[in-house]
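Residue numbers (our numbering): -8 to 54. From the three backbone atoms N, C-alpha and C, an ideal C-beta is built for every residue, glycine too. Note that this is a predicted model, so its numbers are computed, not measured. Heads up: the structure comes next, in structure tokens.
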Amino acid sequence: MAIIVAALRARRRAVVRRKALAELTPDQLRDIGYPRDDIGHPQDNRPVLEIKAGLMTKLMSMR
């Protein structure tokens, strides 16, 4: 019985998630990083900035 209840809850969460994503605009989907074929993949061909730990502290101390 517990397995059935867990499966139903998981299915319900998936349905709610799909409905929420369907209501978002393409710009909002890009903002949250959700890749979709009709809006393109936001992570493709995008420059990446790697920030190491302590960088902000160093920059602030240089002021």
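- In the displayed model, residue 40 falls within coil according to three-state DSSP, outside both helix and strand.
- Exclusion of the five residues before and after residue 25 leaves 12 as the residues of its chain whose Cβ lies within less than 7 Å of its Cβ.
- Annotated three-state conformation of residue -5 is helix, per DSSP.
- DSSP places residue 54 outside both helix and strand once states are collapsed to three, so it counts as coil.
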